[in-house]
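Residue numbers (the working numbering): 1397 to 1555.
Using N, Cα and C, we set each Cβ at its ideal position, and we do this for glycine too.
Set out below in structure tokens:
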């Protein structure tokens, strides 16, 4: 049975950290993750914990003003995008957006809808929500490899 959608409650920041740690060994070079959610929903928090779980030792700052922050994680280069302040998707063309997506990179993209039409398609979409003080995440696989990640993640969480 394939799992294409997985919804989880995130009771606190430690639950977000645990999800990121569980996902770190699953995501592979070449992966593209879209992070959706309102301001304060936890997109940057999830990104920070995922990058740290992948081996980043320093701070992870939100790339709100720079649009992208690179992280060298051994052989893997991860790019953390925050497109919240993007005024026009064409701005991405000027920064060479297509060069960031390759078989050897991991791309985490906050506010991907602001770059519609110019971004590589997502393997996995995460929709983080904060409703009446309760956080949750809905993970939706858009590729076969992301379906495999969700199956593994679900099995790990049930163990």
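{"Check": "Contact check, residue 1514 vs residue 1538, beta carbons under 9 Å", "Outcome": "no"}
{"Check": "Beta-carbon proximity list for residue 1397, same chain, < 6 Å, skipping 5 on both sides", "Outcome": "Bear in mind that a pLDDT of 42 at residue 1397, under 50, signals an unreliable position, so the model cannot answer this."}
{"Check": "Burial state of residue 1555, where buried means 16 or more other Cβ atoms lie within 10 Å", "Outcome": "exposed"}
{"Check": "Straight-line Cα distance separating residue 1546 from residue 1600", "Outcome": "Any answer about residue 1600 is impossible in this case: the structure gives the chain only from 1397 up to 1555."}
{"Check": "8 Å contact criterion, which residue 1403 and residue 1534 should meet: CB distance rounded", "Outcome": "5 Å"}
{"Check": "Among 1528, 1540, 1507 and 1541, the one whose alpha carbon lies nearest that of residue 1443", "Outcome": "1507"}
{"Check": "Beta-carbon separation (whole angstroms), residue 1505 vs residue 1445, contact threshold 8 Å", "Outcome": "Actually they do not touch by this definition, with Cβ atoms about 16 Å apart."}
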